[in-house]
Amino acid sequence: MSKTKELEIKLQFLDEAQAYLGDLESALIGIAHGQVATDKLNAALRAAHSIKGGAAMMGYTVLSQFAHQLEDSFKVLKVQKHQLETDAQLEQLLLSAVDCLSQVIEWNRQQKSIEDFWLEQQAQPLFEQLHQRLGDPQAEDVASMLSPEEGQDIVPMLFETEVEACLQRLEAILADPEQPCLSEEVMILAQELEGLGEMLQLPAFSALCQSVAQQLEATPERYEAIARLAIAAWRRSQALVLTGQIALLPTALAKEAEVDKTVVTAETDLPAASTVTVPIIELEDVIAEVDTLESDSFELDSFEFQSSEFSDLPEFSDFSEASEKLEASDFSKSPVTAHNFSALPTREPATVADDDDEVPESTVRVSVKRLNALNDLMGELTIERNSLTLNLNRLRSLLDMLKQRVQTLEAANNHLRSTYDQGTPQEHLSALAHLPASDSSARLSWASSAALPQSSPAFKGAFDVLEMDSYSDLHLLSQEMMETIVQIQEVTSDVELELEETEQTGRNFNKTGKQLQNGLTQVRMRPLGDILERFPRALRELCLQHGKEAQLKVLGGHTLVDRNILETLADPLMHLLRNAFDHGLEDPQTRIAHGKPRQGLIQIRATHRHNRTIIFLSDDGRGISLNKIRQRAARMGLDADLLAAATEQDLLSLIFEPGFSTSTEVTDLSGRGVGMDVVRSNLKQVRGEISVATEAGQGTTFTLSVPLTLSVARILLAESQNMALAIPTDALEEILVLPPEAISAAALADGFTWGNRRIPLLQLADWLTFNGPRPAYKLETPPAIDALTVLVVNHGGHCVGLQVERCWGEQEVAIRRVEGDLPLPPGFSNCTILGDGRVVPLLSIPELLYWISSNQQLPSAAAQLAAPLSYSPAAPLSHSAALAASAARSRPSLLIVDDSINVRRFLALTLEKAGYRVEQARDGQDALDKLLAGLAPQVVICDIEMPRLDGFGFLAKAKADDSLRDIPVIMLTSRSGQKHRQLALSLGATAYFSKPYNEQILLQTLDQLIHLTA
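Read left to right, the sequence shown gives residues 1 to 1014 (the numbering used here).
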């Protein structure tokens, strides 16, 4: 086996081991309060055991040893849970042990050696403390573990879970064409299962495992055949244990020479005089296997040695229910003896479990890279589907045009046929009329020569013109034209039939493509609970650090979310959890004084709504103080009149502004004002939204809304300013065609009535201004609405009307990222490609409305967004818009001057997180032009070495200008020499920093300079 394949398998195991750590943490959270759940402890035992065995097989010795020690601790904890004192210290020790496993897994994943210092100073002392606290599991503890507890039998449970997992792993390796480590896997599995048999006091099963190991050692070259036979024997043993037939367990693996004798000796292996009374469904499964073994190929006539070989048995996860149903079934009570085996009737596989029971499914690991590649191909397929649909529509239009032309030809053909039928007799009669009536010989001679073809001279004079039609070259040409027209009609009909079949194929293709897209979307999805597994641990740590008591409740943890969206949600949800704990929940004494339970509650609930995933995070704490928001906003310099008129939703929207925090002290949890704006920014990356609702003394609820998938969206194609726009339909409430008088200047100022309320009306043409001439946007298909249209969009519960020129209807499109240094204009996110290859920008309704509302240069058409509206329904939008604009203006502004775009971006990101508004210039000349054009930053941060105009030149010119000399300039450069520093300070620089710089000192210097210039 190649090293690459071996490494891939090891990495897959480490991913599996990392997933097991979630089961371990889940079992440990809450044991300090005596909450030791048996089912969770059983899951933790299985997880630790799986990590131990797998790590030993993969060669991860330290990981195997730690997992073994942790498994022993769980054994003691399970058996002696009523005698042990489970306190916070024990819980912390066990969680720290899990952290040790996580650290070792990470080092193994990075192929790093385990640090000796860490082992000696941290890990080993920790496990020694754990051992001193719990000790080793005793023999009587193991016996107690195996005894029935709470109505469960441990033996079937282990065979249903532990043995099943091992066999599935071996079957997956056997199915792999390369069969990596197959021989080693069989040997290790035989040893593990032998130990399990001894622990469960199943000597026959242990003997079977010994037989597998012995045959593998004796004939290692036959490892594949032995593996197949071993799987069959272990599967048979598993079925016998799960059906209660432990007495029939095989004790040895049949050798190759003995397989042919199995049918002959099958009856003699059973007691001849004994009578076996079992349910028929169980007995037939055993007999069917024994009677059909064949040699060499190790296959059966009726089935193969695969995971489906016991397909006529109920699924293993359903045996507890199946046994009850079998007992209740109307089976024959007569005993079945060994002598009656041949008389048993053949039957079809029976399904005992209900259809609604969950059946374990086989799984396969696929790398995220491959999934993303498949997703990209699916996007291309969507584009090609749209292209095919467009081409079919073109063909249909061309065919309709062809049919019109054919109809014209058909009319001409009918006229030609009529003229043709009447032309010859009339022409002949007209010519005959000019001949003398007495000269019958001449009349007959002319008629014969004119009527008959020149190739038939023998018939001249034989017939009168009335007795036989005659045809000239003109007649022949006319006949050919009529026949050609008929042929064109036939071809047109054939083309129409073929086009109809092609259109039907296209519809089927679209249907299959959508099903494939939905299937791929499901494959890419993961349960929301995957990122919530670490939340209980994080909440526990917060409770210990801050002296609060809190409980986390998750509803809808199985809600599926796109993998990329899920990864983006991890940090925002964690921040909201910490925010709810810090700002929301009170300390126990305060809660008791207010009549609340001592322990606070934080609840996360998820659900699907239409084509979006909605996540609610709520707490039962004190709520958000609106007075604190007003006070903080006033200190930041926001307009007092706006604050006085602001509604609750307006004020709550301010918590998402950069630099805004209601905390008076800076702690490790809050006070920096860099949290909620990051939450909103992260959600914007996945076209998500966030809103908040609060009630004083009752709690706060944050609502997050994200799309089901990022790769495909359903959009409405519209036009504004001769520009095609793709508008997501999930933001649309209604499409209206209003009369011209309803879209007047007054309507743009006062809004319009929609339903029973008035909503603002925005004309996109006033905001989306495109420099330079643009030709009218034309599609081959006519627009569905070729008139001024108003799109009613919903954002955060507020509806707004957007006026566009035309609409083409809805379609499903693939979303594509726009890459490059030039960012998209405000209000746009990503783009899509139409069927004809045109690239259309995707409109982001939340971002567009936010940009419009916070824009400082508001045109008259939307002036109402910057001041209180004359009608209350739209007031929340206007107030929040004005407050957002005011908050943006109140933030200190900086200008970064550097020729490296990456340096500018990194520094801008750092400063924006600190609450600054940042402008950028690519060199000294660019900075000077912007300053002279009216840009007024409070501080300039400038590099030295730049093209066109360097930092020294910029300093000299800026300090020589009366309007610029008072702006503080901080030099930030890689030149750390005293000569450069002295020259910069001499030219008027306020401060000098060399790269790499100390971020805290830079921020402190900026804060001091801004306060001095304020």
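Note that the Cβ used here is the ideal one computed from N, Cα and C, for glycine as well.
Check your understanding: For the beta strand (DSSP E) that contains Val-792, what are its first and last residues?
Key -> 789-795
| said: One question on the structure: do Leu-848 and Val-804 come within less than 9 angstroms of each other, judged by their Cβ atoms? | reply: Not in contact: Leu-848 and Val-804 (Cβ atoms no closer than 9 angstroms).
* Asked: Using a Cβ-Cβ cut-off of 6 angstroms (strictly less than) and excluding sequence neighbours within five positions of Gln-811, which residues of its own chain qualify?
  -> Within the same chain, no residue comes within 6 angstroms of Gln-811 by CB-CB distance, once the 5 residues on both sides are set aside.
Should the segment 683-691 be called in touch with the segment 702-711, which here means at least 3 C-beta pairs below 8 angstroms? Contact between the segment 683-691 and the segment 702-711 is present, because at least three Cβ pairs lie under 8 angstroms.
- Quick check: the segment 175-192 against the segment 241-252, are there 3 or more CB pairs under 8 angstroms? no
- Query: For Tyr-850, which of Ile-29, Thr-832, Asn-794, Gln-69 has the nearest alpha-carbon?
  - Reply: Asn-794
DSSP state of Gln-407 mapped onto helix, strand, coil = Residue state, collapsed to three classes: helix.
Quick check on this structure: which residue in Cys-543, His-558, Val-561, Gly-820 has the alpha carbon closest to the alpha carbon of Asp-587?
The shortest CA-to-CA distance from Asp-587 to any of Cys-543, His-558, Val-561, Gly-820 is the one to Cys-543.
Coarse secondary structure for Arg-922, derived from DSSP in three states: coil
With a cut-off of 9 angstroms, does the C-beta of Leu-377 fall near any C-beta of chain C?
-> No chain C is present in this structure, which holds just one protein chain.
**Report entry** Through-space distance from Ile-485 to Leu-409, alpha-carbon basis
**Finding:** Rounded to whole angstroms, Leu-409 to Ile-485 spans 7 angstroms at the Cα level.
* Smallest Cα separation from Ala-645: which of Val-686, Gly-637, Arg-630, Gly-135? -> Arg-630
**Asked** By how many angstroms is the C-alpha of Thr-568 removed from the C-alpha of Val-840?
**Response** Looking at the two C-alpha atoms, the distance is approximately 26 angstroms.
Exercise for review: Compute the distance between the beta-carbons of Phe-660 and Arg-680, then report whether it is under 9 angstroms.
Suggested key: no
message = If contacts are defined as beta-carbon pairs under 8 angstroms, then Leu-520 and Met-723 qualify, I think. What distance do you get, rounded to the angstrom?
response = 32 angstroms between Cβ atoms; not a contact.
Mapping the DSSP letters down to three states, classify His-475 as helix, strand or coil. helix
Residue range of the alpha helix (DSSP H) that Tyr-223 falls in?
-> 223-242
Measure the alpha-carbon distance for Thr-709 versus Ile-727 and round it to whole angstroms.
-> 16 angstroms
| said: Short of 8 angstroms in beta carbon distance, which residues of its chain neighbour Ser-389, apart from the five on each side in sequence? Order them along the chain. | reply: In the sequence on display, residue 389 carries Thr and not Ser. Here the set comprises Gly-506, Asn-510, Gly-835.
Item to complete: Quick one: using the 10 Å Cβ neighbour count with 16 as the cut-off for buried, is Gln-1008 buried or exposed?
Response: exposed
*Classify Lys-553 as helix, strand or coil using the three-state DSSP reduction.*
DSSP places Lys-553 in strand when its eight states are reduced to three.
Tell me the rounded alpha-carbon separation between Phe-752 and Pro-846. 21 angstroms
Review point. How is the alpha helix (DSSP H) around Ala-634 delimited, first residue to last?
Key: 626-635
With distances taken Cα to Cα, identify the nearest neighbour of Ser-113 among Gln-122, Gln-103, Leu-24.
Gln-103
Checklist entry - Is it true that the segment 940-958 meets the segment 895-906, where meeting means three or more beta-carbon pairs spaced less than 8 angstroms apart? => result The way I'd put it, the segment 940-958 does touch the segment 895-906; three or more beta-carbon pairs between them come closer than 8 angstroms.
Report the residue ranges of all alpha helix (DSSP H) runs contained in full by the segment 520-548; include only those spanning at least 4 residues, in chain order.
As far as the segment 520-548 is concerned, its whole alpha helix (DSSP H) runs of at least 4 residues are 529-532, 535-546.
Worksheet item: At a cut of 8 angstroms, does the segment 483-500 reach the segment 528-536 through at least three beta carbon pairs?
Response: By the Cβ test, the segment 483-500 is not in contact with the segment 528-536, since fewer than three Cβ pairs between them sit closer than 8 angstroms.
(request) Label Leu-1012 either buried or exposed according to how many other C-beta atoms from any shown protein chain fall within 10 Å of its C-beta, with 16 as the threshold for buried. (result) exposed
For Ile-604 and Val-561, the rounded distance between their alpha carbons: Whole-angstrom Cα-Cα distance: 15 angstroms.
DSSP three-state call for Pro-588: helix, strand or coil? helix
Query raised in the report: Pairing CB atoms from the segment 167-177 with CB atoms from the segment 195-213, are three or more of them under 8 angstroms?
Result: no
Q. From which residue to which residue does the alpha helix (DSSP H) around Cys-181 run?
A. From DSSP, Cys-181 is part of no alpha helix (DSSP H); its letter is neither H nor E.
- request: Would you kindly check if the distance between the Cβ of Tyr-20 and the Cβ of Ala-56 is under 9 angstroms?
  value: no
When DSSP labels each residue in this structure, what does Tyr-992 get in the three-state scheme? strand
Which class does His-608 belong to by DSSP, given the choice of helix, strand or coil? strand
Alpha-carbon spacing of Val-737 relative to Leu-768, whole angstroms:
21 angstroms
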